[in-house]
Every structure is written in C-alpha cells, then in structure tokens.
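Asker: Quick note on the numbering used here: the sequence shown kicks off at 499 and runs consecutively.
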Amino acid sequence: MAREEIVERLSKLDTCAVSDALDSLSLKGATWGVRPMWQCPRIAGRAVTMKIKPAGLEQPKQHLGTAPIEAAEPGDIIVIDNGGQLQFSCWGGLLALSAKLKGLSGVVIDGAARDIDEARELGFPVYARGAVPMTARGRVVQESYNQEIQFAGVQCHPGDLVLADSSGVVIVPREKEAQVVSAAEAIYAKEQEMAAGIRKGYSGLEMLEKLGYEDMLKKK
C-alpha cells in the first residue's frame with residue numbers, strides 16, 4: 499500500500515523546517531531531548547500513542563507495547579509517553595522486532611529504551627531520551643494506548659503526523675497538517691535556494707537579505 503501523500507511529502511522535509519513552520523503558524527509541536535539511539539534514518543508517519551504509568555501490586559496480563567503494535571498500520575510510528583523517565587526502559591528488542599515485522603516506521607519515546615544493538619541490527623529506528631539496560635518489568639505498565647498523551651511537552655493525538663531525524667522529533671496536529679507541511683515545504687525550498695547562492699559565492703548576508711529569510715519566519 500502506498501503511503502499517504504501528506505506523509506510522503508513530510509518524509510522529504512527535515513524537523514528544522516517543520517519546527518520553523520509550526521513557529522510561523524503559532525503552533526506547538528517541536529520537542530527537545532529526544533534523539534536517535536543509533537544512526538537511524540529519518541522517519542515520518544502517523545502516531546499510535548501509548549502512555550506508561552508506575553506498576554502496582556497486580557501485574558498486567560499483557561506486556562506493555564504489544565497492543566499498540568497490533569493496533570498500528572504499516573508506516574505508523576509508536577509514540578510513548580513515559581514522562582521523561584530515564585532510570586529504566588519501556589521499549590526493548592522484542593517490541594522492536596514485532597514492530598519491524600508489522601511494517602512500522604519506528605518508535606519515539608519520552609523516556610528510555612534498551613536493546614539498542616538489536617534495534618540497529620534489525621534496522622528499526624528508535625528515538626528516545628536515552629538508553630538503559632534496566633527492564634520495565636515490575637516497574638512500569640501500560641496505562642492506555644491510542645489516547646491523547648503529552649510527549650516531551652507537546653500534546654499528541656492518535657493520527658497526528660510525526661517526523662524524527664538527527665535534530666529531534668516534531669508532532670504535527672492532524673487538523674493543521676496540510677497548512678504546516680505546505681509552510682515547511684516553502685521554508686525548505688527557500689533555504690535550499692539560499693544554500694545554492696552561497697555555494698556560488700554570494701555571502702550569507704546577501705542571500706538572507708535577497709530572499710527575505712527573516713520575513714519568511716514571521717508569525718502569520
């Protein structure tokens with residue numbers, strides 16, 4: 499199945515252009531502190547959300563992460579709210595394998611992951627705040643999935659667009675996605691034009707002034 503056109507367009511952009519587009523539209527969506535755990539490729543897709551909470555006395559019958567993976571469609575991205583927790587993981591090698599075989603694009607975690615070597619060998623992109631060897635078992639459980647979550651300070655709903663690369667992660671609200679992606683494409687194209695001019699010998703100042711870079715980023 500071909501990817502949606504809007505996801506395909508998003509995949510050709512970088513998070514910086516999308517962050518600038520969000521800023522220009524007075525929208526919140528750029529996160530900080532979540533980074534690739536190996537030399538992951540850029541990923542773009544729809545969000546399937548998961549929220550983590552501390553484990554109680556009663557252990558769940560189903561391992562965290564399995565239900566969201568089953569609910570996801572090929573190309574989707576698992577988005578995990580673990581409140582920035584770094585002491586133990588909420589994603590590991592078996593989940594990465596399951597997600598890879600389901601055709602998912604990757605996982606982004608406001609928290610920690612483990613089994614990073616396995617993910618790299620699988621070619622499965624993992625973006626997180628850090629890596630730790632400590633298991634989730636007995637420490638945290640899945641509270642919910644495909645519900646609204648807070649991801650690194652940004653609201654994320656199921657079906658929102660997600661883009662992740664070496665600079666970080668951005669979330670694009672579904673109801674604003676066409677506007678944001680179009681604005682980001684214009685910003686990206688102008689930046690490429692500026693870069694081409696600088697390579698030809700123009701100064702950075704000349705190109706910035708010629709193409710109105712600062713005006714381009716003004717809030718609309």
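Glycine included, C-beta positions come from ideal geometry on N, C-alpha and C.
1. Would V638 and Q583 be called neighbours here (beta carbons separated by less than 9 Å)?
2. Could you pull the start and end residues of the beta strand (DSSP E) that Q495 belongs to?
3. Do P534 and Y643 have their C-beta atoms closer together than 9 Å?
4. Within this structure, are the beta carbons of V532 and I607 separated by less than 9 Å?
5. Write down the C-beta distance between T513 and V667 rounded to the nearest angstrom, noting that I regard them as a contact closer than 8 Å.
6. On the CB-based measure, 16 or more other CB atoms within 10 Å of its CB, does K549 come out buried or exposed?
7. Measuring only the C-alpha atoms, how far is A694 from A569?
8. In angstroms, rounded to a whole number, what distance separates the CA positions of H561 and L593?
9. Can you grab the Cα-Cα spacing for the pair V678 / S603, in whole Å?
10. Tell me, to the nearest whole angstrom, how far the beta carbon of K526 is from that of V670; I am working on the premise that it is less than 8 Å.
11. Could you tell me how far apart the beta carbons of G591 and A617 are, in whole angstroms, since I believe they sit closer than 8 Å?
12. Starting from the C-beta of Q648, find all residues in its chain whose C-beta is less than 7 Å away, skip the five residues before and the five after it, and write them out in chain order.
13. My output table needs one value for K598: the three-state DSSP class, helix, strand or coil.
14. Once DSSP output is grouped into helix, strand and coil, what is the label at K526?
15. Take the Cβ of G636 as the centre, count every other Cβ of all protein chains shown within 10 Å, and call the residue buried at 16 or more, exposed below.
16. Taking its Cβ as the centre, do 16 or more other Cβ atoms sit within 10 Å of G609, making it buried, or is it exposed?
17. Once the 5 residues before and after S517 are set aside, which same chain residues still bring their CB inside 7 Å of it?
Answerer: For this structure:
1. yes
2. Missing from the structure shown is residue 495; the chain here goes from 499 to 718 and no further.
3. no
4. yes
5. 7 Å
6. buried
7. 44 Å
8. 10 Å
9. 21 Å
10. Contact flag wrong, Cβ pair sits at about 11 Å.
11. 7 Å
12. D579
13. helix
14. coil
15. exposed
16. buried
17. A528 and V668
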